[in-house]
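Enquirer: This is the structure I have questions about; it appears just below.
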Amino acid sequence: MRRLLPLFALAALSVPAAAQQATMDTVYERNSAVPFPTTITVPGATATQMLTGTGIRTKTFLKVKVYAFGLYVDPAGARTSLAPFKGKTAKDLEKDDAFYGRILDQDFAMSLRLVMTRDVGGEDMAEAFDGALRPRVQTAAAEMNMPGGEAALDTFRGYFSVDEMTRESEIVFSCDPDGTLRTSVKGNVQANISSPALCWALFDVYLGDEPISKDGKKRMAERFPAILGGM
144 MRRLLPLFAL AALSVPAAAQ QATMDTVYER NSAVPFPTTI TVPGATATQM LTGTGIRTKT
204 FLKVKVYAFG LYVDPAGART SLAPFKGKTA KDLEKDDAFY GRILDQDFAM SLRLVMTRDV
264 GGEDMAEAFD GALRPRVQTA AAEMNMPGGE AALDTFRGYF SVDEMTRESE IVFSCDPDGT
324 LRTSVKGNVQ ANISSPALCW ALFDVYLGDE PISKDGKKRM AERFPAILGG M
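Count along the sequence shown starting at 1, add 143, and that's the number in the numbering used here.
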């Protein structure tokens, strides 16, 4: 990794941001204090989505914070698709494989918002996403009857042709139930990609059996009980 490795060497100099309290309109990711609005409207869409939880992406044994992330869902679609889980607590949901599997069925619109907590080269981000996504789109083609993911990933990778993802810059991924991926990078809306395989792979990175952050995956369940109307 061209830029990440020098940054990792500075980890000992990094001081965790102070925790901040959530407000009615904003939730602060607990390890970075990055603010996440409790609702968003994804670029290119009209419906409002609700925040379910936040997490932090770290790298290396030094736990260098790279970006904070939050999951947003279409509340009406989530209530329908996840009706069997209504009434369960966040603690119940965070250890329920069936719950995460149902989310990954992609029966409702959902989004991931990433906010950089340090400067990272655009090509480094592209390589990191490629490394996480390519094995997954290959699995989608071989085992899930979802072809075409690798070609879609090649297009997606090109969206990171920026010199640098600077601290506080934002990436938003959003997938519709039909597999349409909407992406914005540093506020620039990219062309939609039609790929159920790539949509599944993106969310599997955070919610699947081998997530990039186990703690982050659990925390994605925090606000689901309220969204589903049970707690």
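Each residue gets a CB set at the ideal place from its N, CA and C atoms; glycine is no exception. No experiment lies behind these values; they were computed from the predicted model shown.
Using 10 angstroms around the beta-carbon of E172, count the other beta-carbons present and answer buried if the total reaches 16, otherwise exposed.
Expert: Locating residue 172 in the sequence shown gives position 29, where the first residue counts as 1. With 16 or more other Cβ atoms within 10 Å, it is buried.
Enquirer: Buried or exposed, going by whether 16 or more other CB atoms sit within 10 Å of the CB of R310?
Expert: Here residue 310 is taken as the residue at index 167 of the sequence shown, counted from 1. Burial call: exposed.
Enquirer: To the nearest angstrom, how far is it from the Cα of E365 to the Cα of K229?
Expert: As a working mapping, residue 365 is identified with position 222 in the sequence shown. As a working mapping, residue 229 is identified with position 86 in the sequence shown. Roughly 13 Å between the two C-alpha positions.
Enquirer: Under three-state DSSP, which class holds A160?
Expert: Here residue 160 corresponds to residue number 17 of the sequence shown, with the count starting at 1. Only weak support is given to the placement of A160: the predicted model assigns it a pLDDT of 35, under 50, and the value that follows is read from those uncertain coordinates. Residue state, collapsed to three classes: coil.
Enquirer: Going by DSSP, which residues form a beta bridge with M253?
Expert: As a working note, residue 253 is residue 110 in the sequence shown. According to DSSP, which records beta bridges pairwise, M253 is partnered with V216, C318.
Enquirer: So what's Q281 in DSSP terms, helix, strand or just coil?
Expert: Reading the sequence shown from its first residue, position 138 is the one you call residue 281. In the structure shown, Q281 sits in a helix (DSSP, three-state: H, G or I).
Enquirer: Just the C-alpha distance for A252 and G198, rounded to the nearest angstrom, thanks.
Expert: Indexing the sequence shown from 1 puts residue 252 at position 109. Indexing the sequence shown from 1 puts residue 198 at position 55. Using only the alpha carbons, I get a separation of about 20 Å.
Enquirer: Would you kindly work out how many angstroms separate the C-alpha atoms of P354 and V348, rounded to a whole number?
Expert: Within the sequence shown, residue 354 is the residue found at index 211, counting from 1. Within the sequence shown, residue 348 is the residue found at index 205, counting from 1. In a straight line, the C-alpha of P354 is about 5 Å away from that of V348.
Enquirer: Which whole-angstrom value describes the C-beta separation of S317 and R200, a residue pair presumed to lie in contact below a C-beta threshold of 8 Å?
Expert: Residue 317 sits at position 174 when you count from the first residue of the sequence shown. Residue 200 sits at position 57 when you count from the first residue of the sequence shown. Incorrect: roughly 18 Å between the Cβ atoms, too far for contact.
Enquirer: Could you have a look at I246 and say whether DSSP puts it in helix, strand or coil?
Expert: The sequence position of residue 246 within the sequence shown is 103, counting from 1. Of the three classes helix, strand and coil, the one that applies to I246 here is helix, per DSSP.
Enquirer: Alpha carbon to alpha carbon, what distance is there between V258 and V410?
Expert: The chain is shown from 144 up to 374; residue 410 falls before or after that span and cannot be answered.
Enquirer: In whole angstroms, what is the alpha-carbon distance linking S254 and Q192?
Expert: Within the sequence shown, residue 254 is the residue found at index 111, counting from 1. Within the sequence shown, residue 192 is the residue found at index 49, counting from 1. The alpha-carbon atoms of S254 and Q192 are separated by roughly 8 Å.
Enquirer: For N174, is the classification buried or exposed, using 16 other Cβ atoms within 10 angstroms of its Cβ as the cut-off for buried?
Expert: As a working note, residue 174 is residue 31 in the sequence shown. By the neighbour-count rule (16 or more Cβ atoms within 10 Å), N174 is buried.
Enquirer: Would you mind giving the Cβ-Cβ distance between L225 and L371, rounded to the nearest angstrom? I have them listed as a contact below 8 Å.
Expert: Walking along the sequence shown from the start, residue 225 turns up at place 82. Walking along the sequence shown from the start, residue 371 turns up at place 228. With 8 Å as the limit, L225 and L371 qualify as a contact, their Cβ atoms being about 6 Å apart.
Enquirer: Identify the continuous alpha helix (DSSP H) that holds T298 and give its terminal residues.
Expert: Your numbering for residue 298 matches position 155 in the sequence shown. Where T298 is concerned, the enclosing alpha helix (DSSP H) stretches over 292-300.
Enquirer: From the DSSP output, which residues share a beta bridge with G264?
Expert: In the sequence shown, counting from the first residue as 1, residue 264 sits at position 121. G264 is bridged to E307.
Enquirer: DSSP on T181, reduced to helix/strand/coil?
Expert: Locating residue 181 in the sequence shown gives position 38, where the first residue counts as 1. Three-state DSSP puts T181 in coil, outside helix and strand.
Enquirer: Can you tell me whether E313 is helix, strand or coil according to DSSP?
Expert: For this step, residue 313 is matched to residue 170 along the sequence shown. Strand at E313.
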